[in-house]
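No gaps in the numbering here: position 94 of the sequence shown is 84 in the working numbering, and each next residue is one more.
Down below is the structure, laid out as structure tokens.
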Amino acid sequence: MKVHEYQAKEVLRAYGVPTPRGIVAGTATEARAAAEQLGGKVVVKAQIHAGGRGKGGGVKLASQADEVYVRARSILGMNLVTHQTGPEGREVKRVLIEEQVPIAREIYLGITLDRSLGKPVFMASAEGGMEIEDVASENPDAILKEVISRGRLHTFQARRLALGMGIRGDILAPTVRAIGSLARAYDESDATLVEINPFVLTHDGRAVALDAKMDIDDNALFRHPDLAALRDSAEEEPLETDAINHGLNYIKLDGNVGCMVNGAGLAMATMDIIQYAGGMPANFLDVGGGADKGQIKNGFRIILSDPNVKAILVNIFGGILKVDVLAAGIVAATQELNIAVPLVLRLEGTNVEQGRAILAESGLDFIVAGDMKEAAEQAVARAA
Ligand code: GDP
Ligand code: MN
């Protein structure tokens, strides 16, 4: 789950990470009031779940309150396009008004999971403001790394990172403290990503998180109700939110073959075999082991809400989810939803004969494939 910058900063502040003073605003009038309250020069920052806002025109400096009003008016409601939003962009519904800080140096700090090590890694780079992916490809040695074991980044590791970036003198201690606080926030929030780009050292001797990006592990949200409450569904793929609400695991993709599968492994294999047959999956959908009729129907409804879908491949290996239950669900969904695209079915497992009988008796037009390969070929051919 992604959260907004202003929310990430609230979380990080609670762990002692210094951030600029800021107030979030939903209207230009609120933005002006926020600027008056903060006093002095401010930054107006679009709040969307994507980075690269600065380059896209979503971050503007303003020196007085009337200017903040004008800036906020132009940013609020704008469709902000950045390299992370895709060409369709995102509508800006809130801005963060923050005091300007006098930047002396910008650095990059980030924590994420290193899957090959199975541990989080703290990354730091003197090249703040640059995308870490670009640094990684152009100048990989510029990225310093410290592996976090048992959730803890030791002080000597934080010092090694700061010293490695050439940080010396009075600013060293606050930087080391902030690095430690970021690591603790990552661990205790069950985050999958914390990224501060840029983290800045100021002319007045402060070490401050100027930007903040934080992703929380969805599977851990049940033990963080305070973090779960930060979810902004309006920023998420509506079909994915719809699926979550029905206990389905759906990820929208770009192809035209809709897939309904039970089990994440089989769902991935199904996407592979669709590609192998020369097609492109429109989605990942795991209906789970114990799906009922209602979930099957919702699964079809969600798949069909994607206008790109030209055929649906149902690939079910009946175990806990019995094939006859699934077949009844498919028949009911087809009748209720008026499914107009070809349905290719590959069904195996518990009660498969009863399931086939239900489909045959329904009089509806399904394409029943003998095996997975044939099913994929049929679905791809019909979607073409
Ligand atoms: P992003 O483009 O979405 O990553 O948004 P950032 O929060 O990183 O802001 C983009 C850029 O705006 C930063 O890299 C800074 O150069 C600039 N910026 C943001 N806040 C301040 C500030 O307080 N003072 C100054 N001088 N520049 C700022
Ligand atoms: Mn940034």
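Quick reminder that beta carbons are idealized off the backbone N, C-alpha and C, glycines included.
Quick one: residues in its chain with C-beta nearer than 6 Å to the C-beta of residue i, no 5 flanking neighbours on either side, listed in chain order?
i, result
"Asp177", "Gly141"
"Arg174", "Tyr5"
"Leu200", "Pro188 and Val190"
"Gly13", "Note that residue 13 corresponds to Ile in the displayed sequence, not to Gly. Same-chain partners within the cutoff: Ala24 and Ile87."
"Arg346", "none"
"Gln344", "Asp314"
"Arg336", "Asn305, Ala359, Met362 and Ala365"
"Asp208", "Met(-9)"
"Gln147", "Glu136"
For residue i, count neighbouring C-beta atoms within 10 Å of its own C-beta (all shown protein chains included) and say buried if the count is 16 or more, exposed if not.
i, result
"Gly376", "Outside the modelled stretch of the chain, which goes from -9 to 374, sits residue 376, for which no answer is possible."
"Gly376", "Summary: the structure shown does not reach residue 376, with the chain confined to residues -9 through 374, and so no result is reported for it."
"Arg22", "buried"
"Ser179", "buried"
"Lys109", "exposed"
"Tyr98", "buried"
"Ser171", "buried"
"Ala18", "buried"
"Arg59", "The identity of residue 59 in the sequence shown is Tyr, whereas the question assumes Arg. Tyr59 comes out buried."
"Asn252", "buried"
"Leu107", "exposed"
"Arg159", "Correcting the residue type first, residue 159 is Gly in the shown sequence and not Arg. Exposed."
"Leu28", "buried"
"Arg11", "exposed"
"Ala62", "buried"
"Gly118", "buried"
"Thr75", "buried"
"Lys45", "exposed"
"Leu51", "exposed"
"Gly319", "buried"
To which residues of the same chain is residue i closer than 8 Å at the C-beta, ignoring the five residues directly before and after it?
i, result
"Arg250", "The sequence shown places Met at residue 250, not Arg. Excluding sequence neighbours, Met250 sits near Leu275, Val277, Ile286, Gly289, Phe290, Ile293, Ile302, Leu303, Val304, Asn305 and Ile306."
"Val111", "Ile101, Thr102, Leu103, Asp104, Lys135, Glu136, Val137 and Ile138"
"Asn246", "Gly269, Met270, Ala272, Asn298, Val299, Lys300, Ala301 and Ala373"
"Val321", "Ile348, Leu349, Ser352 and Leu354"
"Thr231", "Ser223"
"Phe56", "Before going further, note that residue 56 is Asp rather than Phe in the sequence given. Counting only Cβ-Cβ distances below 8 Å, and skipping sequence neighbours, we find Arg22."
"Thr192", "Val91, Pro92, Ile93, Ala94 and Val198"
"Glu(-5)", "Lys35, Gln37, Leu86, Asp201, Ala202 and Lys203"
Could you round the C-beta distance between residue i and residue j to whole angstroms and report it? I think they count as a contact, below 8 Å.
i, j, result
"Leu162", "Ala152", "6 Å"
"Ala116", "Ala94", "Contact flag wrong, Cβ pair sits at about 13 Å."
"Lys35", "Val85", "6 Å"
"Pro164", "Arg196", "7 Å"
By Cβ distance below 7 Å, which residues in the same chain neighbour residue i in space, the five residues on each side in sequence not counted?
i, result
"Leu229", "Tyr240, Lys242, Ile292, Ser295 and Asp296"
"Met204", "Val(-7), Ala(-2), Val1, Ala181, Leu183 and Val184"
"Ile310", "Gly279 and Gly280"
"Ala218", "Leu211"
"Thr340", "Gly308, Gly309, Lys312 and Val313"
"Leu256", "Asn305 and Phe307"
"Gly41", "Thr72, Gln74 and Lys203"
"Gly221", "It is Arg, not Gly, that sits at residue 221 in the sequence shown. The answer, listed in chain order, is Met(-9)."
**Asked** For the ligand MN, which residues have a Cβ under 6 Å from at least one heavy atom, in chain order?
**Response** Gly41, Asn187 and Asp201
**Item:** Within the region 223 to 288, ranges of the beta strand (DSSP E) (whole runs, at least 3 residues)
**Value:** 239 to 242, 247 to 251 and 273 to 276
**Message:** I'd like the ranges of any alpha helix (DSSP H) spanning at least 4 consecutive residues and lying wholly in the region -8 to 76.
**Reply:** -5 to 4, 18 to 28 and 55 to 65
**Message:** Restricting to runs no shorter than 3 residues, where is the beta strand (DSSP E) found entirely within the region 330 to 374?
**Reply:** 333 to 339
**Asked** Hey, which unbroken runs of the alpha helix (DSSP H) at 4 residues or more fall wholly within the region 92 to 167?
**Response** 122 to 128 and 145 to 154
**Asked** Mind pulling the alpha helix (DSSP H) runs of 4 or more residues that sit fully within the region 164 to 223?
**Response** 215 to 218
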